[in-house]
Structure formats: C-alpha cells, structure tokens
Ligand code: 0R9
C-alpha cells in the first residue's frame with residue numbers, strides 16, 4: 007500500500023491529538039487568549055491562575071492565596087482550597103487536574119466541579135498558561151497526600167503521582183513563562199501588588215500574600231469590609247460627607263454588592279466589577295446603579311422637603327459629583343461585550359442592581375437623616391453650580407468664543423486645516439513662545455504661549471474655569487468645547503504638545519495643564535493626542551561639532567568620547583527662552599529630530615489619586631507625597 011494509515015494507539019488517541027492542537031493554537035495566537043505578549047500579557051498568566059484560586063474562595067472553600075515570585079523566573083500560586091480533583095475520569099482516563107491544565111475552556115464547565123458564579127472568563131485559563139510555559143508544575147494537597155504532575159509546553163511528563171504526605175489542603179501551580187513567546191519575562195512586583203490588593207477588596211475575608219524572593223519583599227492584604235474598605239481607601243485623603251454606605255444581597259440573579267460615600271470634591275469615581283473582573287466600560291449593573299441613585303435621592307429629598315415644590319429634580323450629574331462608589335456583582339453566566347470585553351451585557355443585572363440598591367439606600371437614608379441631609383445638600387449645591395456654569399458657558403458661547411469662531415489673539419495658528427497633520431505647542435512664557443513662533447513649521451505647527459501659571463482646576467468649578475483667560479484660550483484653540491458641549495471630533499490638532507522648562511516651575515505648569523486635561527478633556531488623553539516635549543538640558547560644543555544632550559548621564563557619556571585635552575564648552579539651558587528660534591527647532595520641534603513623550607493613563611485609579619493628592623485642597627497628603635518622592639526627582643533646579 008502506498009499510503010499506510012497508522013492507527014493511533016490508546017495512549018495517544020484522538021483526544022490527545024485534539025488537546026495538542028488546542029494548545030498549539032494558543033501558542034500560535036497568544037494574543038487571542040491573553041491579550042498580548044508584552045509585559046501586560048505576561049502578567050495575565052498570573053491573573054489567570056490567581057482567578058482560579060479566587061473562584062475557590064468565592065465558592066467558600068478557600069481563605070488564603072499566596073503568590074510567590076521566585077528567583078528562577080517562575081511564579082507560584084498556592085491556595086488552601088479543596089485541591090483540584092486528581093482521580094481519573096472513567097471515560098477519558100484522565101484526571102480533572104490534567105484536564106483543566108491541558109484542555110482549552112475546561113475549568114468551570116468540568117464535571118460537577120463547576121462554580122455557581124464562575125463560567126464566563128474565570129477558571130478557564132490554566133491550560134492557556136500551561137501552553138505558554140516551558141515548564142509547569144502542579145501540586146495538589148488532598149486526602150493527606152501530596153500529588154504532583156509536571157508539564158512542558160503544555161505536554162504532561164507522565165501521570166499525576168503521589169510524592170509525599172501532608173496535612174494541608176489546596177493547590178499550588180508553578181509556571182515558567184516561555185521566553186520565546188513573551189517580549190519580557192520579568193514580573194513587576196508593583197503590578198502584581200496592585201492587582202492583588204484590588205482582588206482582596208473584592209473578595210471579602212480572603213487573605214492574599216505576595217512574596218518576592220528576588221528582593222525579599224513581603225506583602226499581605228486582608229480587608230474585612232471588602233468593597234467598603236475599598237471606598238474608604240479611595241476616599242482616605244478627602245473630606246467625606248457621612249459614612250460609607252454598604253449593601254450586599256443575594257438575589258436569584260446573583261450577588262449584588264455596592265459601597266459608596268460622598269466627599270466634598272467635584273470628582274466622580276465609580277468602579278464596576280462582574281465576577282471580580284473590572285468592567286471598565288460599565289454595562290447593565292452600572293446603568294441599574296445610576297438609575298437607582300438619581301431616583302432614590304430625588305424621592306428622599308422630596309419626601310423630606312429638602313427639595314421644594316418649585317425646584318427641579320436633581321439630574322444624574324448632580325448626584326454623582328463627589329461620589330466614590332464600587333458596584334460589584336457576581337453572576338452565573340456573565341456576558342462581556344464591547345471591543346475590549348469591558349462591558350457587562352446581562353440585562354437581568356440592571357434590574358437586580360436597581361431594585362437591591364434603591365431599597366437598601368432608601369432605608370439607609372431614612373435611618374441616617376444626618377447623612378441624608380449632607381448628601382442631598384451636596385447634590386443641590388452641585389445642581390446650583392451646574393446652572394451657574396451653564397449660564398457662564400452660555401454667555402461665552404453667545405459671544406462665540408468657545409466655538410472657535412474667534413481664535414485667541416495669542417495663538418499663532420498653523421495654515422493647515424487638517425487635524426491629523428496639525429500640532430499645537432503649548433509653550434511656557436512669552437519669550438519661549440516668541441522663539442517657537444519664529445522657529446516653527448508654519449504649515450503644521452501652531453503656537454500658544456501661556457503666561458505664568460494657569461488656574462488649578464482641581465479646586466475650581468466649571469464656571470470659574472471658563473472665566474480664566476489662559477484656560478479659555480486653550481479650549482478655544484483646541485476647538486472641542488467643554489462639559490456637555492465637548493466633542494472630540496472637533497479637535498483641531500492631533501498632536502498637542504506641552505513644552506515647558508526643565509525646572510520646578512515648568513513641572514508645575516505641566517502638572518496644571520495635565521490636570522486640566524485629565525479632569526475635563528480625558529478623551530483627548532485617551533485618544534493619544536497629548537505629548538510632552540523634551541527640550542535638551544545642555545549644549546556641548548567641541549571644535550566644530552555641536553551636540554545637544556537631554557540628561558546628565560548623556561552629557562557624561564558624550565564628554566568621555568572627546569580626545570584628551572580637547573577643549574569644549576557646555577551650556578546649560580535654564581529655560582526654553584535661552585534658545586534661539588533655530589536651536590529650538592533643531593532640538594525640540596523638528597519632527598525629524600525631536601523626541602517626545604506620549605501621555606497615557608495606564609492606571610486611572612492611580613492617576614486620580616496622584617492628581618487629587620498633588621492638586622486637591624488637603625495639604626497633609628501632598629506633603630507626605632512630596633516627602634516620599636523627593637528623592638526620586640532628577641534635574642531638580644530651584
Ligand atoms: C493555585 C490556583 N488554584 C487553582 O487553579 C484551583 C482550581 C481549583 C479547583 C477546585 C479547588 N481548588 C482549586 N484551585 C475544585 C475542587 C472541587 C470541585 N470544584 C473545584 C472538588 O474537590 O470537588 N477546580 C477548578 C476546576 C476544577 N477544580 C475541576 F474542574 F478540575 F474540577
């Protein structure tokens with residue numbers, strides 16, 4: 007016979023071939039399973055394994071999760087749950103342990119080990135981690151024994167076997183990420199700490215410890231209050247109005263947990279989760295929460311005559327000013343929608359959250375009249391400010407100013423009307439502004455000089471912000487409007503470049519501008535339109551060659567290359583104004599030569615906290631922050 011067909015033997019049957027094909031698919035397209043193969047994707051491996059331990063905790067069988075970052079580049083995750091079952095399945099001849107580690111999308115659906123609130127994304131990732139690891143060791147502590155099974159690139163190196171005795175219960179997974187798959191295999195302690203802290207908040211009563219063997223770091227998180235503690239943490243720098251309101255209820259649709267507290271700032275922080283997964287784009291649970299919040303506060307205020315008959319109802323924006331809230335739901339079959347799967351689609355969760363929260367919050371307000379009055383007071387103040395701001399904005403709009411009909415006199419606009427090629431340089435001071443105007447490419451580069459410090463928007467409301475000339479000029483130049491009339495599609499420049507001096511004042515002005523963008527024009531940051539110019543620190547001339555360098559390290563490196571006894575001169579730029587137009591163009595503005603930093607908000611919670619600390623009204627936290635970070639500052643020039 008020309009073609010011999012070999013029959014697979016029983017060890018290597020159709021099942022096994024399917025398994026290998028499945029894991030091969032993961033290695034071919036890792037991005038599809040863990041998002042990316044960069045440092046974010048690398049950490050996803052840890053999240054996948056930890057999620058499984060947390061599922062066991064949510065089912066009520068596990069209280070401790072330990073994450074070990076080992077010296078040899080591996081990570082171990084251990085829980086004290088029931089241990090993944092190791093007995094062989096009658097039909098497949100495989101243990102549950104081997105199945106969850108080798109079959110894609112096993113986990114939650116397997117046998118009757120399925121969890122009530124799992125499914126969806128949780129408990130399915132172990133095999134993906136296995137496929138992307140050069141080695142994985144699973145240990146199970148069960149029935150007084152230690153079981154062990156080892157894998158290489160997802161392939162079992164023998165059956166699960168007993169390797170010792172133990173009193174403990176649980177599961178430990180150790181994996182070595184594959185260097186040929188990931189750009190980096192260097193785990194970041196802070197990234198892991200932040201995620202574990204968040205998971206500890208979301209799973210009341212769980213203790214999560216992290217040990218970094220590389221530097222002997224040890225961390226431990228336990229929050230008795232769950233999301234209530236989370237809100238306390240987010241609000242700990244603020245002047246709060248009333249206590250944290252906390253609600254937890256199990257309903258047929260799942261579990262609803264809400265914690266909220268008002269403070270006297272103008273910011274709104276609402277984080278939502280479904281099965282401990284951060285739903286960054288909200289969804290049904292968020293909609294239910296918002297509806298219930300507005301309705302409950304309005305009816306409470308009417309009933310207690312805190313809103314008079316002649317007053318209009320409070321609107322959604324009014325009841326969310328100064329609100330910090332966490333909405334966390336657990337459900338059986340979560341549907342994650344949208345491009346980044348960050349939106350909860352289960353319609354039943356809208357009504358579940360709406361009813362549970364409205365009932366409990368109404369009861370809370372009635373039982374805590376002082377908090378109730380404080381909250382309504384804050385909301386009515388927000389409503390009045392909104393009306394004042396609208397009046398102020400209407401005046402500005404009536405004058406046509408904000409809509410870009412009359413561009414500010416200080417703006418030297420570019421001639422191009424094509425936003426994708428247009429750039430706006432926001433320049434500190436009139437003198438640097440002058441150099442920039444002369445040095446620029448007039449076709450694509452516009453210059454807006456700002457005089458001195460702009461208004462600190464963290465401590466002002468929209469009406470005052472619109473009354474500030476420097477800020478107003480910037481808004482008009484950008485063309486996007488503000489508040490309710492904001493429209494990113496009208497952005498006139500797709501690169502907005504902040505160019506300030508490399509000194510303390512420059513850094514302060516940059517922070518003020520970034521605060522303005524963060525609080526009022528966040529989509530401009532999210533769209534990747536904001537950049538920070540990098541002017542040089544020194545000009546070094548040797549013989550006929552002139553070099554610009556951007557740090558002390560670069561300066562030292564360059565001067566070391568000069569021949570012995572060579573004469574050279576070093577000029578330190580104290581400010582942009584010291585550069586002539588040509589120098590400014592060559593070093594900082596020429597698209598062919600310049601280097602710029604693109605501003606990104608990687609971690610919204612952290613950014614919010616930093617802006618609040620640096621720019622908010624409380625002094626002590628700012629002092630602490632500055633003391634903690636002062637040592638890290640480079641190029642401090644006072
Ligand atoms: C270190 C990370 N932890 C885990 O991956 C982990 C999975 C897991 C588990 C069960 C218990 N602990 C676990 N830790 C479990 C046990 C039992 C039933 N369901 C779940 C039981 O003893 O009856 N499993 C998650 C999926 C599976 N086990 C299963 F599919 F293999 F059953």
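Residue numbers (this note's numbering): 7 to 644.
The beta-carbon is built from N, C-alpha and C at its ideal position, and this holds for glycine as well.
Because the structure is a prediction, the values reported are computed rather than measured.
Identify every residue that forms a DSSP beta bridge with residue i.
| i | result |
| --- | --- |
| residue 72 | 84, 215 |
| residue 395 | In DSSP, residue 395 forms no bridge with anything. |
| residue 246 | 269 |
| residue 433 | 455, 505 |
| residue 603 | 538 |
| residue 162 | 157 |
| residue 552 | 547 |
| residue 183 | 139 |
| residue 176 | 147 |
| residue 616 | None; residue 616 has no bridge partner. |
| residue 428 | Its beta-bridge partners do not exist; DSSP assigns none. |
| residue 259 | None, per the DSSP bridge assignment. |
| residue 320 | None, per the DSSP bridge assignment. |
| residue 350 | 289, 342 |
| residue 418 | 453 |
| residue 6 | A query on residue 6 cannot be resolved here, the shown segment of the chain reaching from 7 to 644 and no further. |
| residue 101 | 94 |
Could you give the first and the last residue of the continuous alpha helix (DSSP H) run that contains residue i?
| i | result |
| --- | --- |
| residue 207 | 195-208 |
| residue 295 | 290-309 |
| residue 559 | 558-566 |
| residue 363 | 354-373 |
| residue 515 | 510-526 |
| residue 574 | Here residue 574 belongs to no alpha helix (DSSP H); instead the beta strand (DSSP E) covers 574-578. |
| residue 589 | 587-590 |
| residue 276 | First-last for residue 276: 275-280, but that is the beta strand (DSSP E), not the alpha helix (DSSP H). |
| residue 237 | 233-240 |
| residue 131 | Careful: residue 131 lies outside any alpha helix (DSSP H) and carries neither H nor E. |
| residue 39 | 36-40 |
| residue 109 | Per DSSP, residue 109 belongs to no alpha helix (DSSP H) and is neither H nor E. |
| residue 59 | 45-64 |
Comparing the CB of residue i with every heavy atom of the ligand FAD, is any distance shorter than 7 Å?
| i | result |
| --- | --- |
| residue 91 | The ligand FAD is not part of the structure shown, which contains the ligand 0R9 as its ligands. |
I think residue i touches residue j, with their Cβ atoms under 8 Å apart; what is that distance to the nearest whole Å?
| i | j | result |
| --- | --- | --- |
| residue 180 | residue 82 | 4 Å |
| residue 497 | residue 485 | 6 Å |
| residue 320 | residue 303 | 6 Å |
| residue 574 | residue 545 | Contact flag wrong, Cβ pair sits at about 11 Å. |
| residue 33 | residue 187 | 7 Å |
| residue 152 | residue 168 | 7 Å |
Count the other CB atoms within 10 Å of the CB of residue i; is the residue buried (16 or more) or exposed (fewer)?
| i | result |
| --- | --- |
| residue 423 | exposed |
| residue 446 | buried |
| residue 460 | buried |
| residue 449 | exposed |
| residue 601 | exposed |
| residue 324 | buried |
| residue 46 | exposed |
| residue 126 | At residue 126, the pLDDT of 35 sits below 50, so the modelled position is not reliable; the number obtained from the coordinates is stated separately. Under this definition residue 126 is a buried residue. |
| residue 516 | buried |
| residue 24 | exposed |
| residue 349 | buried |
| residue 84 | buried |
| residue 163 | exposed |
| residue 626 | exposed |
| residue 10 | Residue confidence is low: residue 10 scores 36 on pLDDT, short of 50, so the model does not pin down where it sits. Its coordinate-derived value is still stated next. When all chains shown are included, residue 10 counts as exposed. |
| residue 327 | buried |
| residue 226 | exposed |
Taking residue i as the reference, give the member of the options with the closest Cα.
| i | options | result |
| --- | --- | --- |
| residue 475 | 484, 300, 456 | 456 |
| residue 382 | 420, 313, 335 | 313 |
| residue 550 | 539, 543, 568 | 568 |
| residue 171 | 186, 195, 145, 196 | 145 |
| residue 149 | 579, 282, 359, 175 | 175 |
| residue 366 | 263, 222, 488, 135 | 263 |
| residue 487 | 438, 506, 297, 526 | 526 |
| residue 553 | 361, 67, 428, 599 | 599 |
| residue 481 | 510, 591, 430, 594 | 430 |
| residue 341 | 315, 372, 290 | 290 |
| residue 413 | 259, 483, 67 | 483 |
Along the chain, where does the beta strand (DSSP E) containing residue i start, and where does it finish?
| i | result |
| --- | --- |
| residue 142 | 139-148 |
| residue 224 | 223-228 |
| residue 483 | Here residue 483 belongs to no beta strand (DSSP E); instead the alpha helix (DSSP H) covers 475-484. |
| residue 330 | 329-336 |
| residue 168 | 167-171 |
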